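A.B. asks: If you're matching positions, the sequence shown starts at 1 in this note's numbering and goes up one per residue.
Note that CB positions come from ideal geometry on N, CA and C, so glycine has one too.
None of the values given here were measured: they were computed from a predicted structure.
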Amino acid sequence: MTSPIRTERHGDVLVIVSNNPPVNALGAAVRQGLVAAIAEGVADPGVAAMVIRCDGRTFFAGADIKEFGTPPVEPSLSSVIDAIEAADKPVVAAIHGTALGGGCEVALGCHYRVAASSAKIGTPEVKLGLLPGAGGTQRLPRIAGVKLALEMTGKGDPITAARARDAGLIDMIVGQDSLEADAIAFARDIAAKRPLPRASQKTTTADPDAVAAFRKDNARRFRGFYAPAATIACIEKASDGSSFAE
Numbered sequence: 001m002t003s004p005i006r007t008e009r010h011g012d013v014l015v016i017v018s019n020n021p022p023v024n025a026l027g028a029a030v031r032q033g034l035v036a037a038i039a040e041g042v043a044d045p046g047v048a049a050m051v052i053r054c055d056g057r058t059f060f061a062g063a064d065i066k067e068f069g070t071p072p073v074e075p076s077l078s079s080v081i082d083a084i085e086a087a088d089k090p091v092v093a094a095i096h097g098t099a100l101g102g103g104c105e106v107a108l109g110c111h112y113r114v115a116a117s118s119a120k121i122g123t124p125e126v127k128l129g130l131l132p133g134a135g136g137t138q139r140l141p142r143i144a145g146v147k148l149a150l151e152m153t154g155k156g157d158p159i160t161a162a163r164a165r166d167a168g169l170i171d172m173i174v175g176q177d178s179l180e181a182d183a184i185a186f187a188r189d190i191a192a193k194r195p196l197p198r199a200s201q202k203t204t205t206a207d208p209d210a211v212a213a214f215r216k217d218n219a220r221r222f223r224g225f226y227a228p229a230a231t232i233a234c235i236e237k238a239s240d241g242s243s244f245a246e
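1) With DSSP as the reference, identify every bridge partner of M152, one or two as the case may be.
2) Report yes or no: do the stretch 72-82 and the stretch 116-126 share at least 3 C-beta pairs separated by less than 8 Å?
3) Sort A161, L128 and G133 by Cα distance to A144 and report the nearest one.
4) Look at the alpha carbon of K237 and the alpha carbon of A167, and state the distance between them as a whole number of angstroms.
5) Taking the C-alpha atoms as reference points, what is the distance between F225 and T204?
6) Roughly how many whole angstroms lie between the Cα atoms of S3 and V73?
7) Report yes if the C-beta distance between I235 and P141 is below 8 Å; otherwise report no.
8) What's the call for I184, buried or exposed, on a 16-neighbour Cβ count within 10 Å?
9) Just to confirm, are A115 and A164 a CB contact at a threshold of 8 Å?
10) How many Å lie between A229 and V211 at the Cα?
11) Can you give the Cα-Cα distance for Q201 and S243, rounded to whole angstroms?
12) Quick check on V73: does DSSP put it in helix, strand or coil?
13) Pick out whichever of L196, D189 and E180 has its Cα sitting closest to the Cα of H111.
14) Whose CA, out of A43, A134 and A28, lies closest to the CA of I65?
15) Using alpha carbons as the reference points, say which of A49, A107, A99 and Q176 lies closest to K89.
16) Quick check on the burial criterion: 16 or more other C-beta atoms within 10 angstroms. Buried or exposed for S239?
17) With which residues is R113 paired in a DSSP beta bridge?
18) Can the beta-carbon of S117 be found less than 8 Å from the beta-carbon of I170?
Put into structure tokens, the structure is as follows:
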């Protein structure tokens with residue numbers, strides 16, 4: 001069986017490409033391919049940086065619904081993201097279309113993020129009564145701050161690339177047609193920068209006023225639902241000085 005993940009060398013940049021139509025869902029074969037591709041880039045002394053991008057109309061749009069209710073297959077999405085973040089060479093997410101749910105979490109695990117101007121990023125799990133399941137509630141506030149993390153995870157609505165850039169969630173916005181070339185150029189520019197910016201190692205400032213206001217403003221909307229309250233608690237935990245592992 002052909003893997004939905006392939007690698008392409010562009011000089012000293014390894015481009016990791018997903019081709020899993022229609023929406024590049026993060027099924028087992030994709031997860032396995034991503035881990036193998038990251039390992040390939042780390043092991044190759046000729047690779048200075050890596051870019052993760054997707055063929056088709058969108059970046060990873062979330063979990064593979066065909067796996068719902070089936071026994072888990074390794075590696076888990078959390079393990080994939082941990083492998084990306086742990087890489088000792090910079091990994092850049094090149095985002096187009098939508099990066100939703102698990103796709104957003106993959107992007108958060110990358111060291112840098114470049115996005116097409118039309119891209120949207122979001123964590124819609126709360127609308128299904130769920131929480132981001134691969135560290136998103138902890139990485140997001142560490143990158144973009146408590147206020148935006150509350151909005152994105154608590155309401156589940158995606159945000160534009162421009163807003164994500166303003167919040168520090170996106171490092172650069174580029175044109176749709178030049179996304180790959182610009183992401184490669186960006187990766188080459190930052191290849192030697194150290195330390196690598198790993199979200200799990202960042203800290204964020206607590207914002208109890210923002211949390212209180214968010215709870216108050218959405219009290220009626222959230223009444224009777226578990227997921228929003230649990231999401232808010234996770235965001236608070238990310239900003240109380242606890243380590244990522246906690």
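C.D. replies: Reading off the structure:
1) Answer is none; M152 lacks a bridge partner.
2) Segments in contact, no.
3) Comparing Cα positions, the closest option is A161.
4) Looking at the backbone, the Cα of K237 and that of A167 are separated by about 20 Å.
5) Note on geometry: alpha-carbon atoms of F225 and T204 lie some 27 Å from one another.
6) Answer to the nearest angstrom: the Cα atoms are 16 Å apart.
7) Result yes, Cβ atoms of I235 and P141 sit closer than 8 Å.
8) Counting C-beta atoms within 10 angstroms of its own C-beta, I184 has 16 or more neighbours from the protein chains shown and is therefore classed as buried.
9) Yes, the pair counts as a contact, with Cβ atoms nearer than the cut-off.
10) Across the structure, A229 and V211 are spaced so that their CA atoms are roughly 11 Å apart.
11) Cα to Cα, Q201 sits roughly 8 Å from S243.
12) Coil at V73, not helix or strand.
13) Measuring from the Cα of H111, the nearest candidate turns out to be L196.
14) The candidate whose alpha carbon is nearest that of I65 is A28.
15) Closest by alpha carbon: A49.
16) With a threshold of 16 other beta carbon atoms within 10 Å, S239 meets it and is buried.
17) DSSP lists A93 as the bridge partner or partners of R113.
18) Contact flag unset, no.
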